[in-house]
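In what follows, a structure is listed as structure tokens, so that the remarks can point back to it.
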Amino acid sequence: MSDFNVFGRVAVVTGSAQGIGRAIAERLSAAGAEVVGLDLSGADYSCDMREIDQIRSALADVVARRGGALDILVNNAGRGCHTPPDELSPEELRDVLDVNVAGYFFAAQAAYGAMRTHGGSIINVSSIAATSALGRGNLAYSMSKAAIEQMTRELAVEWASSGVRVNAVAPCQVRTEGFLPLLNDPNLDSGDVGRRMLGGIPIGRLAEPGEIAAAVHFLASDAASFITGTVLPVDGGNLALNAGGTVGERRRQ
5 MSDFNVFGRV AVVTGSAQGI GRAIAERLSA AGAEVVGLDL SGADYSCDMR
55 EIDQIRSALA DVVARRGGAL DILVNNAGRG CHTPPDELSP EELRDVLDVN
105 VAGYFFAAQA AYGAMRTHGG SIINVSSIAA TSALGRGNLA YSMSKAAIEQ
155 MTRELAVEWA SSGVRVNAVA PCQVRTEGFL PLLNDPNLDS GDVGRRMLGG
205 IPIGRLAEPG EIAAAVHFLA SDAASFITGT VLPVDGGNLA LNAGGTVGER
255 RRQ
């Protein structure tokens, strides 16, 4: 459908070298966008999202080389840690927040400088962890994702008059090369964490990277032209399942 066409648009994807970011870059490229990737390695620009100067420099160069054009920014690069709250150090907390919050904001700020005259779309990759506690030492990560969602709403309101839409997607657990080893980690629920996670997803499986990419493609396209400030769960029903609920059926009498 033409509404989903992003042909010829310039899209920057952070964390593009693997996992969800790679799937997003491939999806937008297949839809006709000119995709520019940022990552620590294996991307068009080497960029540490903890370093604000690197973010600004990379985005400024992207825009300058394309005559001022930047239409889509996908903030996907992320960092987490699994340190229990009572052991979490200031350095660990800052490391996560520097990438997931400050990095996202300053990338969005730099993109807005190019988008403010002609509009654009910014999509932040959040997580169900912003809404529902994960436990297992995920405090820093969950805090950062909650901040991302509120930042999304604030920027959507601030920048709407310039035609810049700001939205987020909130995936559940995704079948990526980085996540799969955790499913059988003996230190997580005695190796049973995979089964427990699936018990919280009504659809009964993990998300695929391409499914997150499809949601990002929608939000980046004109099909979502009246959508801003929204967080779109891509979670197989995880957040719809009430606390204490379980996936299953009641036996009929």
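Each number in my numbering comes from the position in the sequence shown (counting from 1) with 4 added on.
Ideal Cβ positions, reconstructed from N, Cα and C, are used throughout, including at glycine.
The Cβ-Cβ distance between R13 and D65 does not fall below 7 Å. For P175, DSSP records a beta bridge to V238.
A residue is called buried when at least 16 other Cβ atoms come within 10 angstroms of its Cβ; A244 does not meet this threshold and is exposed. Taking R120 as reference, the option from A160, L42, F11 with the minimal CA-CA separation is A160.
Pairing H122 with N171, the inter-Cα distance amounts to about 18 Å.
The C-beta separation of Y145 from G84 comes to about 4 Å, placing the pair in contact by the 8 Å criterion. When the Cα atoms are used, A21 and Y49 turn out to be separated by approximately 10 Å.
Rounded to the nearest whole angstrom, the C-alpha separation of S136 and G71 is 43 Å. Closest option to G82, judged by alpha-carbon separation, among D102, G203, M201, A114: D102. Counting along the chain, L42 sits inside the beta strand (DSSP E) bounded by residues 38-43. The residues A35, H221, F222, S225, D226, A227, in chain order, have a CB closer than 8 Å to that of F8 in the same chain once the five nearest residues on each side in sequence are set aside. Between the region 24-35 and the region 235-243 there are fewer than three C-beta pairs closer than 8 Å, too few to call the two in contact.
Counting only runs of 3+ residues, the beta strand (DSSP E) found wholly inside the region 137-212 occupies 168-175, in chain order. If only uninterrupted alpha helix (DSSP H) runs of at least 4 residues are considered, those enclosed by the region 34-105 are 56-69, 94-101. For F11, the CB contacts under 8 Å within the same chain, skipping 5 residues up- and downstream, are A35, G36, A37 in chain order. Residue burial is scored here from C-beta neighbours: N142 has at least 16 other C-beta atoms within 10 angstroms and is therefore classed as buried.
The alpha-carbon of A217 is positioned some 11 Å away from that of I127.
Using a 10 angstroms sphere on the CB of G139, the tally of other CB atoms stays under 16, which defines it as exposed.
Nearest neighbour of V78 by Cα position, chosen from R69, P88, S45, Y116, turns out to be Y116.
Only exposed fits A68, as fewer than 16 other CB atoms lie within 10 angstroms of its CB. At a Cβ-Cβ threshold of 7 Å, G23 and G182 count as neighbours. The beta carbon of L184 sits closer than 8 Å to none of the beta carbons in its chain outside the five residues before and after it.
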